[in-house]
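In my numbering, the protein residues as written are 98 to 354.
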C-alpha cells in the first residue's frame, strides 16, 4: 500500500521555523518531521510514499535527492570530483515527490494526486506534522472490516481542535470548529478508498470540510479510536515538547529499534 503525506502548506502558525523551510522539514532529533512519519509507516511495512509538495518544495526534493549522502560516510576525491558513498543504513522506501501547487487546499492536493494513486486499492493519507504510536496494521484491519470509503484516526486533544461525533464506530458528525461534541478529534492517519476523490471538487476544496462532512452524512466515514500518544506540531511550544521527548529518549512515537 501507498501512504500519501501532505507537505505543501505554508505552516503559518509555526512561522518561527517555516520562514526557512516547509513544516514537515522541521527537525526533531536532527531528522525532519517527515522522516519520523515515514518511519512510523515503514515500521508497519508501508514502504511507498507520495509526498504532496508545494511551499518551498525544493527543500524536500533536495533532502531526498541527497538522502544517501546525508546518511552515509563519504569519500570525496577533490582532484577528480569522484564521490563514493559508503554503506549506510538506508530504508527501502520509494518516495514520489509531487508538486501539488503553492496555494492548493488539502483536498485539492489529494485530488491532484489521482494519477499517482491505485485505482482499486486502499491507501493511507495523513498530514506532515503529526506523530503517534499508532498501530498502522490495526488501523488497516479496522478499515477493511467495515467496508466504507474512509476511516479517520480519532484522538483526544486540546479544545482548540474541531470535534467528531460518533454513532458506534460510524462518524455521525464532523465538526471543523464546533461549540461542543464528544472530545474526539481528527488525528490524521486516514485509510481511504479511491472513491473518496469523487467528493473533492478541485484545488479550493478543504479536505476536512466539504468532503469529510459529506462522507460522514453519507455514512461512509468510520472512526478508529487511538487511545495512545498523538501530537501535532502546530506551534513552537509543541515542537519543543517533541524535541524534549526525543532528547530524553522518551518519544512514544519511536516504535522502531
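All C-beta atoms in this analysis are idealised placements derived from N, C-alpha and C, irrespective of residue type, glycine included.
These figures come from a predicted structure and were not determined experimentally.
If residue i sits next to residue j, beta carbons under 8 Å apart, how far is it from one beta carbon to the other, in whole angstroms?
{"i": "residue 188", "j": "residue 291", "result": "Contact doesn't hold; Cβ gap of about 26 Å is too wide."}
{"i": "residue 202", "j": "residue 300", "result": "6 Å"}
{"i": "residue 222", "j": "residue 309", "result": "So it is not a contact: roughly 11 Å between Cβ atoms."}
{"i": "residue 227", "j": "residue 328", "result": "7 Å"}
{"i": "residue 284", "j": "residue 243", "result": "At roughly 18 Å, the Cβ-Cβ gap does not stay under 8 Å, so residue 284 and residue 243 are not in contact."}
{"i": "residue 401", "j": "residue 167", "result": "There is no way to answer for residue 401, as the model of the chain reaches only from 98 to 354."}
{"i": "residue 336", "j": "residue 157", "result": "Contact doesn't hold; Cβ gap of about 18 Å is too wide."}
Starting from the Cα of residue i, find the closest Cα among the options and give me that residue.
{"i": "residue 330", "options": "121, 100 and 101", "result": "121"}
{"i": "residue 169", "options": "158, 183, 157 and 190", "result": "183"}
{"i": "residue 241", "options": "229, 218 and 263", "result": "218"}
{"i": "residue 190", "options": "155, 232, 134 and 197", "result": "134"}
{"i": "residue 213", "options": "294, 266, 302 and 339", "result": "294"}
{"i": "residue 103", "options": "197, 171 and 172", "result": "197"}
{"i": "residue 220", "options": "287, 303, 200 and 136", "result": "287"}
{"i": "residue 145", "options": "136, 152 and 153", "result": "136"}
Considering only their Cβ atoms, is the gap separating residue j from residue i smaller than 7 Å?
{"i": "residue 281", "j": "residue 248", "result": "no"}
{"i": "residue 356", "j": "residue 317", "result": "For residue 356 there is no data in the structure shown, the boundaries of the chain being 98 and 354."}
{"i": "residue 150", "j": "residue 105", "result": "yes"}
{"i": "residue 108", "j": "residue 343", "result": "no"}
{"i": "residue 333", "j": "residue 225", "result": "no"}
{"i": "residue 99", "j": "residue 147", "result": "yes"}
{"i": "residue 195", "j": "residue 161", "result": "no"}
{"i": "residue 364", "j": "residue 320", "result": "Outside the modelled stretch of the chain, which goes from 98 to 354, sits residue 364, for which no answer is possible."}
{"i": "residue 326", "j": "residue 232", "result": "no"}
{"i": "residue 311", "j": "residue 296", "result": "yes"}
Quick one: does the C-beta of residue i sit closer than 6 Å to a heavy atom of the ligand GDP?
{"i": "residue 150", "result": "Of ligands this structure carries none, so the ligand GDP is not represented either."}
| query | Are three or more beta carbon pairs between the region 111-129 and the region 235-254 nearer than 8 Å? | reply | no
| query | Per the contact definition of three or more C-beta pairs closer than 8 Å, is the region 170-178 in contact with the region 134-142? | reply | no
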